[in-house]
DNA sequence: TCTATTAAGGATATGAAATATCCCTATTCT
DNA sequence: AGAATAGGGATATTTCATATCCTTAATAGA
């Protein structure tokens, strides 16, 4: 069970978009080049963000993507779910129904206890992701990245932002 | 990102094994029939439990599986990891290395902040699974399942346990 | 108005992983 | 001796992630 690499891509792209000056857009092409990713496929991930309403887009030259909300109002969970989907990671196939001792026409009361426990763990994962804002990530990146690399990257992006 | 259905199978099978009297074994055939699962493929899941040391096995007629430890000393995480593997659900491909502004020969200090956050959520999921013992599941099942179905199921298993 | 550039999305190809079955071997019980 | 079992290798099938290509509509700038 491994998350799509598109999740990683989307998170990094959002981090870049978070640093864009008000009203500017950044294209798939620039984001793909900056991260060394296949442009066409990255485009699918960005479309997922767009469909989820996390980013705004505009067409034409100087078009591209920008965040739809301030970075403090975007959580990791928003981004992960936009790309990976909101479905739970544990699917209950209700195999207890196959119990040969089960009376004919018997109907289970609630969700299977196995599923209930697995879903609680799933929810703990989501809760953790919900607690991290995109702004937390940019703050962590600011500490992690040397000042000169941070600066040159920012300028690289600005040159390409429409 | 969805867990293998083998995880569900293994959890249900362990719940059955937890009810087995001391020293008795239950075969793949019986476990597959009880849950309505493909015997050959379920066998692979049980082999994973065996390789992880969670169950003991014995050969021959009246052979099969039993728990290697008391149900209170087996956690959900033990079982999930035995089948699904211990790898993290988020893989960091370190795409920050592709930053075109990155100086030649520059080496990242620690793990990528994005990965660090995703791994924390992953750990929260594991922590939750680690906190649930197999005995907790059997207790929940005892409350969930009507007494007569519980009893007839137990007898069904006993008849087939070697 | 014309041209270049963009996002959106459909179609399709490729690769890896989950799912499933089959068969052979060694072991153990009756 | 014979039957039933776990273990495990080989292989097929299906599903999904990954990836590319192409068309369309919108937009900016010349």
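Protein chains in written order, with my numbering: chain Z, 1 to 162; chain A, 1001 to 1162.
All C-beta atoms, glycine included, are put in the ideal place defined by N, C-alpha and C.
DSSP places residue 1102 of chain A in the coil class of the three-state scheme, outside both helix and strand. From the listed residues Z:19, Z:20 and Z:84, the smallest Cα separation to residue 9 of chain Z is found for Z:84.
Residue-level contact by beta carbon holds for residue 117 of chain Z and chain A, with a gap shorter than 8 angstroms. Annotation: residue 48 of chain Z to residue 7 of chain Z spans about 10 angstroms, alpha carbon to alpha carbon. For residue 71 of chain Z, not one C-beta of chain A is nearer than 8 angstroms to its own C-beta. In terms of Cα proximity to residue 1137 of chain A, the closest of Z:24, Z:92 and Z:112 is Z:112. Near chain Z, meaning a CB-to-CB distance below 9 angstroms, the residues of the stretch 1006 to 1018 of chain A are 1007, 1008, 1009, 1011, 1012 and 1015. Note on residue 109 of chain Z: under 16 other CB atoms within 10 angstroms of its CB, so exposed under the neighbour-count rule. Contact of residue 1095 of chain A with chain Z by beta-carbon distance below 8 angstroms involves 8, 9, 12, 35, 36 and 37. Nearest in C-alpha terms to residue 1004 of chain A, of all of A:1133, A:1096, A:1079 and A:1146, is A:1079. Per the coordinates, the alpha-carbon of residue 122 of chain Z lies some 22 angstroms from the alpha-carbon of residue 1072 of chain A.
Assigned with DSSP and collapsed to three states, residue 55 of chain Z falls in strand. In the structure shown, residue 1037 of chain A adopts coil according to DSSP, grouped into three states.
Collapsing the DSSP output to three states places residue 3 of chain Z in coil. With a 10 Å radius around the Cβ and a threshold of 16 neighbouring Cβ atoms, residue 1036 of chain A comes out exposed. Approximately 7 angstroms separates the beta-carbon atoms of residue 100 of chain Z and residue 1034 of chain A; this is inside 8 angstroms, confirming the contact. Chain-order list of chain A residues neighbouring residue 153 of chain Z: 1099, 1100, 1101 and 1102, by C-beta distance under 9 angstroms. Around residue 13 of chain Z, the same chain offers 31 as residues with beta carbons nearer than 6 angstroms, after the five sequence neighbours per side are excluded.
Put simply, of A:1065, A:1040, A:1150 and A:1052 the residue whose alpha carbon is nearest the alpha carbon of residue 1022 of chain A is A:1065.
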